[in-house]
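Written out below as structure tokens is the structure these notes cover.
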Amino acid sequence: QYDSAELRQWTKEAFKAETAIPTIKGKDDKKGGRGIRVDSKFKVTGPKRLVKGYHKRLCAERVFKKLKRQLNLENHHYRGLANVTIHACITLMCVLAVIIASYNAGKPKKVRSIRYWTA
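For the sequence shown, the numbering used here gives the first residue as 29, with consecutive numbering after it.
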């Protein structure tokens, strides 16, 4: 579960960071002081630092959406977390190669166009 106490603890220990994942009502924060909440009107409440982090997630979500749809990360045929991780890392390296190639070729406007460099 995304909002589990174990995930929050692992994130804190492994990355020295806090998660800005909304909690499910009545789970892990019965006293109401931990985490953030999103109500039915999508109003975010909680500690200010977590609310700010939650609002910054849109940029990361946009990147993952593009990776999933355009770079075959949504319909992959790999089994096992290790194989999926390798596939995702190679895909991200290709994206970075396109960025570097765009700037080195003097075409910074083509930085988001993988199709331009692969056609």
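Built from N, CA and C at the ideal position, the CB exists for glycine as well.
These figures come from a predicted structure and were not determined experimentally.
Starting from VAL139, trace the alpha helix (DSSP H) in both directions and tell me its first and last residue.
No alpha helix (DSSP H) contains VAL139, which DSSP labels as neither H nor E.
May I ask you to list the residues that DSSP assigns as paired with VAL79?
Paired residue(s): none; VAL79 is not in a bridge.
One question on the structure: do ARG212 and THR47 come within less than 7 angstroms of each other, judged by their Cβ atoms?
Since the displayed the chain opens at 29 and closes at 147, residue 212 lies outside it and no answer follows.
Apart from the five residues just before and just after GLY81, which ones in its own chain have a Cβ nearer than 6 angstroms to its Cβ?
ALA48.
Just verifying my parser: in three-state terms, what is the DSSP assignment at ILE114?
Reduced to three states, the DSSP call for ILE114 is helix.
Of the residues VAL66, VAL139, ALA133 and GLU89, the one placed nearest VAL79, counting alpha carbons only
Out of VAL66, VAL139, ALA133 and GLU89, VAL66 has the C-alpha closest to the C-alpha of VAL79.
Count the other CB atoms, across all protein chains shown, that sit within 10 Å of the CB of LYS40; report buried if there are 16 or more and exposed otherwise.
Using a 10 angstroms sphere on the CB of LYS40, the tally of other CB atoms stays under 16, which defines it as exposed.
Presumed contact (8 angstroms Cβ cut-off) between THR119 and LEU99, rounded CB distance:
Correct: roughly 5 angstroms between the Cβ atoms.
Whole-angstrom Cβ separation of ALA116 and LEU101, contact assumed at under 8 angstroms?
At roughly 6 angstroms, the Cβ-Cβ gap stays under 8 angstroms, so ALA116 and LEU101 are in contact.
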